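K.L.:
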Amino acid sequence: MPPAQNPFGQALVHFQGAPDFSPTRIAVPGPNGFPLAQFQPGAVAGPGYSPFIQIAGSPVVYNAPIVATGDGPFDVVHHTNTGDRVLGIHIAPSTSPSGQFLESYADLLFVKGFDAGQPIVYLSTDAGQPLTAVLERSTYVPALDKAAYNGGDDFLGSARERLFGFINGQTGATNPQAQGFVHLVRDGHASEDASAENTALINALRNGGDLLNVFGDFPTLRDPRHADAYSPLWDAQLGLWTQKAVNEGLNTRQIDEVVVFNLAATRPDLLTGFNPATGTAAPYGAAGVDINCAVIGFTDQAPTANLATPVPNSQFPPR
Numbered sequence: 046m047p048p049a050q051n052p053f054g055q056a057l058v059h060f061q062g063a064p065d066f067s068p069t070r071i072a073v074p075g076p077n078g079f080p081l082a083q084f085q086p087g088a089v090a091g092p093g094y095s096p097f098i099q100i101a102g103s104p105v106v107y108n109a110p111i112v113a114t115g116d117g118p119f120d121v122v123h124h125t126n127t128g129d130r131v132l133g134i135h136i137a138p139s140t141s142p143s144g145q146f147l148e149s150y151a152d153l154l155f156v157k158g159f160d161a162g163q164p165i166v167y168l169s170t171d172a173g174q175p176l177t178a179v180l181e182r183s184t185y186v187p188a189l190d191k192a193a194y195n196g197g198d199d200f201l202g203s204a205r206e207r208l209f210g211f212i213n214g215q216t217g218a219t220n221p222q223a224q225g226f227v228h229l230v231r232d233g234h235a236s237e238d239a240s241a242e243n244t245a246l247i248n249a250l251r252n253g254g255d256l257l258n259v260f261g262d263f264p265t266l267r268d269p270r271h272a273d274a275y276s277p278l279w280d281a282q283l284g285l286w287t288q289k290a291v292n293e294g295l296n297t298r299q300i301d302e303v304v305v306f307n308l309a310a311t312r313p314d315l316l317t318g319f320n321p322a323t324g325t326a327a328p329y330g331a332a333g334v335d336i337n338c339a340v341i342g343f344t345d346q347a348p349t350a351n352l353a354t355p356v357p358n359s360q361f362p363p364r
């Protein structure tokens with residue numbers, strides 16, 4: 046929106062709550078990596094906290110997650126007072142030189158993914174479920190689970206947009222087909238604390254050790270219907286590759302929303318949905334998992350159009 050209509054500037058924001066960053070993040074791999082044998086979020090929202098805020102008198106909703114609390118010193122190694130993706134905190138001097146405003150800023154570990162066939166990067170700061178918060182290294186915010194609404198996507202009144210994750214894609218630190226939850230735990234150092242000093246973890250993620258989720262709508266898409274429908278609050282559609290797909294090596298890396306939907310609609314013998322509560326196969330669709338993941342850019346070409354045309358009845362609402 047035009048700057049004149051944007052009241053968010055250099056000022057204090059008084060939140061109604063804040064995260065507690067003191068818990069120790071726990072992510073103990075299971076026998077196959079994922080499911081985890083034990084897990085605990087490293088940050089939990091306090092009463093009244095939400096990363097989404099409004100300035101009084103404005104209808105605009107800002108995405109403003111808290112990533113650290115207190116006056117310092119800030120723990121950016123084990124994250125006892127910072128978010129689990131915070132690699133550095135830089136506090137501006139209390140007095141700025143005449144005519145200048147020096148800003149404080151934080152270094153955050155971003156995440157790699159795909160949209161419309163192109164590699165993208167994004168931030169992951171909050172999640173509505175404990176397990177999701179652990180895997181995403183984000184703050185567990187129970188209130189996000191109530192955001193409108195599970196499966197809403199482009200429907201009127203929905204604050205969520207679709208994201209596509211995969212439970213049991215291929216693994217291997219140098220495998221160009223690797224993707225998903227098992228891959229993250231096995232190859233992405235998921236059990237370790239993230240810090241600037243943990244170069245093994247950072248190099249693993251730099252070289253493809255992330256979840257590598259697929260996003261739906263994106264701000265650079267040519268079709269305004271989809272560019273304007275972008276939201277940083279993502280509604281996960283979780284895919285489970287069948288044993289047939291795994292045995293035949295067909296659980297390959299996916300990079301496009303429409304291709305994933307077409308595959309789920311036409312080849313249920315290869316890809317099904319996943320029920321996080323039971324850990325078993327389910328009809329493909331929204332899994333009741335929501336994540337605050339603000340996109341920050343693309344690394345090669347801007348995503349502009351999907352790689353396929355939707356097959357009949359592959360998506361709802363129809364495309």
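Residue numbers for the sequence shown follow our numbering, so the first one is 46 and each next one is one higher. The C-beta atom is built at its ideal place from N, Cα and C for all residues, glycine as well. In this text, all values refer to a predicted model and were calculated from it rather than measured experimentally.
(1) What residues are listed by DSSP as bridge partners for glutamate 206?
(2) Between which two residues does the alpha helix (DSSP H) holding asparagine 307 run?
(3) Tell me which same chain residues have a C-beta within less than 8 Å of the C-beta of proline 321, skipping the five on either side of it?
(4) Rounded to a whole number of angstroms, what is the C-alpha to C-alpha distance between histidine 59 and alanine 290?
(5) Please state whether the Cβ-Cβ distance between aspartate 160 and glycine 133 is less than 8 Å.
(6) Among Phe226, Gln346, Ala245 and Asp273, which one has its Cα closest to the Cα of glycine 78?
(7) Buried or exposed: where does leucine 154 fall if 16 or more other Cβ atoms within 10 Å of its Cβ makes it buried?
(8) Does the distance from the C-beta atom of alanine 172 to that of leucine 147 stay below 8 Å?
(9) Using only alpha-carbon positions, find the residue among Ser143, Gln85 and Pro164 that is nearest to aspartate 345.
(10) Run the CB neighbour count on alanine 241, radius 10 Å, all protein chains shown included, and call it buried at 16 or more, exposed below.
(11) To the nearest angstrom, how far is it from the Cα of alanine 223 to the Cα of serine 143?
(12) Measure from the alpha carbon of alanine 353 to the alpha carbon of each residue in Pro328, Asp120, Ala339 and Asp301, then state which is nearest.
(13) In the DSSP assignment, find the unbroken alpha helix (DSSP H) run with isoleucine 247 in it and report its ends.
(14) Evaluate the contact criterion for the region 100-113 versus the region 211-222: three or more CB pairs, one atom per stretch, below 8 Å.
(15) By DSSP, does phenylalanine 60 sit in helix, in strand, or in coil?
(16) Going by Cα to Cα distance, which pick from Ser67, Pro74 and Gly115 is closest to aspartate 232?
(17) Where does the unbroken beta strand (DSSP E) through asparagine 296 begin, and where does it stop?
(18) Helix, strand or coil: how does DSSP classify histidine 124 here?
(19) Can you tell me the Cα-Cα spacing of glycine 254 and leucine 229, whole angstroms?
(20) Since phenylalanine 319 and alanine 326 should fall inside the 8 Å C-beta cutoff, what is the C-beta to C-beta distance between them, to a whole number of angstroms?
(21) Counting C-beta neighbours from all protein chains within 10 Å, is the total for isoleucine 341 16 or more, i.e. buried, or is it exposed?
(22) Can proline 273 and valine 122 be called in contact, C-beta distance under 8 Å?
(23) Provide the residue span of the alpha helix (DSSP H) that contains proline 269, from first to last.
(24) Are the beta-carbon atoms belonging to cysteine 338 and serine 169 less than 8 Å from one another?
(25) Since serine 169 sits in a beta bridge, which residues does DSSP pair it with?
P.N.:
Based on what the coordinates show:
(1) Start at 1 with the first residue of the sequence shown, and residue 206 comes out as number 161. DSSP lists Trp279 as partners of glutamate 206.
(2) In the sequence shown, the residue the question calls residue 307 occupies position 262. Residues 302-311.
(3) Within the sequence shown, numbered from 1, the residue matching residue 321 stands at position 276. So the qualifying residues of the chain are Gln174, Leu176, Leu283, Ala332, Gly333 and Val334.
(4) Taking the first residue of the sequence shown as position 1, residue 59 is located at position 14. Taking the first residue of the sequence shown as position 1, residue 290 is located at position 245. Going from the Cα of histidine 59 to the Cα of alanine 290 covers about 51 Å.
(5) To locate residue 160, count along the sequence shown from 1; it is residue 115. To locate residue 133, count along the sequence shown from 1; it is residue 88. No, the Cβ-Cβ distance between aspartate 160 and glycine 133 is not below 8 Å.
(6) Here residue 78 corresponds to residue number 33 of the sequence shown, with the count starting at 1. Taking only the C-alpha atoms, the option nearest glycine 78 is Phe226.
(7) If you number the sequence shown from 1, residue 154 lands on position 109. Buried.
(8) The count along the sequence shown starts at 1 and reaches residue 172 at position 127. The count along the sequence shown starts at 1 and reaches residue 147 at position 102. No; because the gap between Cβ atoms is not below 8 Å, this pair is not in contact.
(9) Against the sequence shown, residue 345 aligns to sequence position 300. Comparing Cα-Cα distances from aspartate 345 to each of Ser143, Gln85 and Pro164, the minimum goes to Pro164.
(10) Stepping through the sequence shown from its first residue, residue 241 is reached at position 196. Exposed, by the Cβ-count rule.
(11) Taking the first residue of the sequence shown as position 1, residue 223 is located at position 178. Taking the first residue of the sequence shown as position 1, residue 143 is located at position 98. If I take the Cα positions, the gap works out to 53 Å.
(12) As a working mapping, residue 353 is identified with position 308 in the sequence shown. Looking at the Cα atoms, Asp301 is the closest of the given residues.
(13) To locate residue 247, count along the sequence shown from 1; it is residue 202. First-last of the alpha helix (DSSP H) with isoleucine 247: 244-251.
(14) no
(15) For the purposes of this step, residue 60 is identified with residue 15 of the sequence shown, where counting begins at 1. It is coil, neither helix nor strand.
(16) For the purposes of this step, residue 232 is taken as the residue at position 187 of the sequence shown. The residue with the shortest Cα to Cα distance from aspartate 232 is Pro74.
(17) Locating residue 296 in the sequence shown gives position 251, counting from the first residue. Where asparagine 296 is concerned, there is no enclosing beta strand (DSSP E), given that its DSSP letter is neither H nor E.
(18) Along the sequence shown, read from residue 1 onward, the residue named residue 124 stands at position 79. Looking at histidine 124 - three-state DSSP - the assignment turns out to be coil, as it is neither helix nor strand.
(19) Within the sequence shown, the letter at position 209 stands for residue 254. Within the sequence shown, the letter at position 184 stands for residue 229. Taking the straight line joining both Cα atoms gives about 6 Å.
(20) Sequence index remark: in the sequence shown, residue 319 carries index 274 (1-based). Sequence index remark: in the sequence shown, residue 326 carries index 281 (1-based). Sure, about 7 Å apart at Cβ, within 8 Å.
(21) If you number the sequence shown from 1, residue 341 lands on position 296. It is exposed - the Cβ of isoleucine 341 has fewer than 16 other Cβ atoms within 10 Å.
(22) For this step, residue 273 is matched to residue 228 along the sequence shown. For this step, residue 122 is matched to residue 77 along the sequence shown. Checking the sequence shown, residue 273 turns out to be aspartate, not proline. No, Cβ-Cβ distance for aspartate 273 and valine 122 is not below 8 Å.
(23) Position 224 of the sequence shown holds residue 269. Residues 269-272.
(24) For the purposes of this step, residue 338 is taken as residue 293 along the sequence shown, with counting starting at 1. For the purposes of this step, residue 169 is taken as residue 124 along the sequence shown, with counting starting at 1. Yes; because the gap between Cβ atoms is below 8 Å, this pair is in contact.
(25) Taking the first residue of the sequence shown as 1, we reach residue 169 at position 124. Answer by DSSP bridge pairing, in chain order: Cys338.
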